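Residue numbers for the sequence shown follow our numbering, beginning at 1 and rising by one. Encoded as structure tokens, the structure appears first; notes follow it.
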Amino acid sequence: MKRRSPMDDKTRPANTISPAARLVIAVLRQAAHDYKRGDPSAHVFIRSADFDRWCDLINANPDYLRRRITRDLQPHRRSEIYP
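Take a look at the structure:
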């Protein structure tokens, strides 16, 4: 029986997330956080084609994420954050 390499995709656990995917996830999480804080640039980003491209990098559905972010993370009024 041939011994497989730990780097062989067929032997890697499904829950292993590549460093590149972790970076993409971090960018999307930061966008959601900034949206919740009421950052206007986050609102623009989440509704942009760039957001779609970032989601595509990890095979995430951009429309689903956009709905979750805008529904679950209702932004605070800026006056509550920046008096």
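Positions of the beta carbon are idealized from the N, C-alpha and C atoms, including for glycine. Predicted model only: the values in this text are computed from it and were never measured.
Quick one, are the C-beta atoms of residue i and residue j less than 7 Å apart?
| i | j | result |
| --- | --- | --- |
| ALA32 | ILE58 | no |
| TYR35 | ILE25 | no |
| PRO87 | ASP52 | Since the displayed the chain opens at 1 and closes at 83, residue 87 lies outside it and no answer follows. |
Where does residue i fall in DSSP's three states?
| i | result |
| --- | --- |
| ILE17 | coil |
| ALA60 | coil |
In the DSSP assignment, the alpha helix (DSSP H) including residue i goes from what residue to what residue?
| i | result |
| --- | --- |
| SER41 | 40 to 46 |
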